[in-house]
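Visitor:
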Amino acid sequence: MKTTKLFLYLLFAFSLISQTILAQQTAKGIKDPGVKSCSCGMTGRLSVSGSIGKTKISNANSINTLGFGLDYFHPFKISNSFSWGINGGGGYFSGNGNPFVGNLPVPYLVTTQISSQVTGSGSSKNSGYFAGLGPQFNFAFGDRFVFSPIFQVGYLGVSQSEFKATQTTLMQGFALPNYTKSYDLISQTETNTNGLGFIPKARLTYMINKNIGIWAEASYLLGPTVKNSVTTFTPQGQPNTQGAYTIQQMDAGNYNTVVNETKYNAFGFNLGVAFGFGGNTNRGIHQYPGGGHAVAEKEILRPKSCFAKPSLIVDKFSCCNDTLVVQGHFDINKSVTIIDNITIIKVINSK
29 MKTTKLFLYL
39 LFAFSLISQT
49 ILAQQTAKGI
59 KDPGVKSCSC
69 GMTGRLSVSG
79 SIGKTKISNA
89 NSINTLGFGL
99 DYFHPFKISN
109 SFSWGINGGG
119 GYFSGNGNPF
129 VGNLPVPYLV
139 TTQISSQVTG
149 SGSSKNSGYF
159 AGLGPQFNFA
169 FGDRFVFSPI
179 FQVGYLGVSQ
189 SEFKATQTTL
199 MQGFALPNYT
209 KSYDLISQTE
219 TNTNGLGFIP
229 KARLTYMINK
239 NIGIWAEASY
249 LLGPTVKNSV
259 TTFTPQGQPN
269 TQGAYTIQQM
279 DAGNYNTVVN
289 ETKYNAFGFN
299 LGVAFGFGGN
309 TNRGIHQYPG
319 GGHAVAEKEI
329 LRPKSCFAKP
339 SLIVDKFSCC
349 NDTLVVQGHF
359 DINKSVTIID
369 NITIIKVINS
379 K
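Under our numbering, residue 379 is the last one in the sequence shown; the count climbs by one each step, no gaps.
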């Protein structure tokens, strides 16, 4: 519950900051309509990421995990400072599901023993994957920043490997040779859980240029109920005053199995790189009604590199999304459009 509240607080904080800055940008645009912000990262994007997380799989233990992911955003609607569409992708994660939280249990003291030790066997690996689909909303602010709430519903699969901690005791044989006795002090059975998962994400992207960005993201994955079965060993009766049990008490010991059921939840922090896609590829010399021409010789970047080489005298230009708005002298009497790669150039106030 605390993790859920923390994620919601982070999501609210990101939203508030982005909306505040967006409002400031809009206000500036109203005061000076000739200058518009350059909103990067609003088109289709492929993202790859690495992640660290904390997963709750039992009532008593959480697991630290590492993972990687891949997702793709396809826009349905793009405007100057906002876009929305669908995000599809998935990820893989794994960690150590040791039920002893990194420490093996202490061996029981046995009378007439020579030595005792506890060893672990099997794998304590906990691993899982998630593949989902859902809406993504992008809010651009500060020219190069994009805040993206993402919500995915999909399929979650989680597995926990079997693990045992075994006590091996070397006993004195007296008239007979020395011998060993073994007892499984605690064991965790293999479990596999599959079902519907839901993950909200809050992603903040910095666009290095119009096609490449780096981002940080907080996420909270919710899934089905995970059953975790743990069996523990207890010697029969009470130890003597030295805290030792007889070999007969050890041999007559009891095994108790507890099945924990926990709703799957995992908080994650991800870092990634985004690669932009989209637009058409028409380039070259473009003719306009009324005479004149312009040559789009260079791809138009954003925002500091936002410039092209049209054959006109530029008085002023501004950049917004994939649109370069140019004010200058051109030998036509109306506005025209150049389609250059994914860039639309509008020539206005022509003379």
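For glycine and all other residues, C-beta sits at the position ideal for the given N, C-alpha and C. Just so you know, these numbers come straight off a predicted model, no measurement behind them.
(1) Roughly how many angstroms lie between the CA atoms of aspartate 99 and glycine 162, to the nearest whole one?
(2) For the alpha helix (DSSP H) containing aspartate 171, list its first residue and its last residue.
(3) Considering Cα atoms alone, identify which of Phe104, Gly265 and Tyr120 is closest to glycine 97.
(4) Have a look at tyrosine 292 and glycine 185 and give me their C-alpha separation to the nearest angstrom.
(5) Just reading off the beta strand (DSSP E) that methionine 278 is part of, what are its end residues?
(6) Under a three-way DSSP split, which group does isoleucine 236 fall into?
(7) I need the straight-line Cα distance from glycine 160 to glutamine 145, nearest angstrom please.
(8) What are the partner residues of isoleucine 142, as DSSP defines its beta bridges?
(9) Consult DSSP for methionine 70 and reduce its assignment to one of helix, strand or coil.
(10) Once you ignore the five residues that flank glycine 265 on each side, which residues in its own chain have a CB closer than 7 Å to its CB?
(11) What's the C-alpha gap between serine 149 and arginine 172?
(12) Nearest-angstrom Cα distance between glutamine 180 and serine 79?
(13) Take serine 111 and list the residues in its own chain whose beta-carbon comes closer than 7 Å to its own, dropping the five residues that flank it on each side.
(14) Report all residues from its chain with a CB closer than 6 Å to the CB of serine 75; omit the five preceding and five following residues, and keep chain order.
(15) Going by CA-CA distance only, name the one from Phe261, Gly223 and Arg73 that's closest to lysine 255.
(16) Quick check on this structure: which residue in Asn268, Thr219 and Gly304 has the alpha carbon closest to the alpha carbon of lysine 238?
(17) Is leucine 94 helix, strand or coil when you go by DSSP?
(18) Please report the distance separating the alpha-carbon of glutamate 190 from that of threonine 219.
(19) According to DSSP, what are the bridge partners of leucine 186?
(20) Excluding the 5 residues flanking leucine 250 on each side, which residues of the same chain have their C-beta closer than 6 Å to its C-beta?
(21) Looking only at its chain, what residues have a beta carbon closer than 7 Å to the beta carbon of glycine 271, apart from the 5 residues adjacent to it on each side?
(22) For asparagine 87 and glycine 182, I'd like the C-alpha separation in whole angstroms.
(23) Answer with buried or exposed for serine 67, where buried requires no fewer than 16 other C-beta atoms within 10 angstroms of its C-beta.
(24) To the nearest angstrom, how far is it from the Cα of proline 228 to the Cα of asparagine 268?
(25) Just verifying my parser: in three-state terms, what is the DSSP assignment at serine 75?
(26) Sort out for me which residues DSSP pairs serine 109 with in a bridge.
Guide: Reading from the atomic positions:
(1) 11 Å
(2) It is not in any alpha helix (DSSP H) - aspartate 171 carries neither H nor E in the DSSP assignment.
(3) Tyr120
(4) 11 Å
(5) For methionine 278, no beta strand (DSSP E) encloses it; the enclosing alpha helix (DSSP H) starts and ends at 275-279.
(6) coil
(7) 46 Å
(8) According to DSSP, isoleucine 142 bridges with nothing at all.
(9) coil
(10) Once the five neighbours on either side are set aside, the close Cβ partners of glycine 265 are Gln277.
(11) 52 Å
(12) Straight-line Cα distance between these residues: approximately 17 Å.
(13) Met70, Pro103, Lys105 and Asn166
(14) Correct list, in chain order: Asp99, Gly300 and Ala302.
(15) Gly223
(16) Nearest C-alpha to lysine 238: Gly304.
(17) strand
(18) Their Cα atoms are separated by approximately 8 Å.
(19) The residue you asked about is not leucine; residue 186 is valine in the sequence shown. Gly156 and Thr221.
(20) Phe226 and Asn293
(21) Closer than 7 Å at the Cβ level, and outside the excluded window around glycine 271, lie Leu137.
(22) Here the model assigns asparagine 87 a pLDDT of 49, short of 50, so the residue's position is not dependable and the matter cannot be decided.
(23) Reliability fails at serine 67, whose pLDDT of 47 lies under 50, so the model's placement of it is uncertain and no value is given.
(24) Taking the straight line joining both Cα atoms gives about 56 Å.
(25) strand
(26) In the DSSP output, where bridge partners are listed per residue, serine 109 has none listed.
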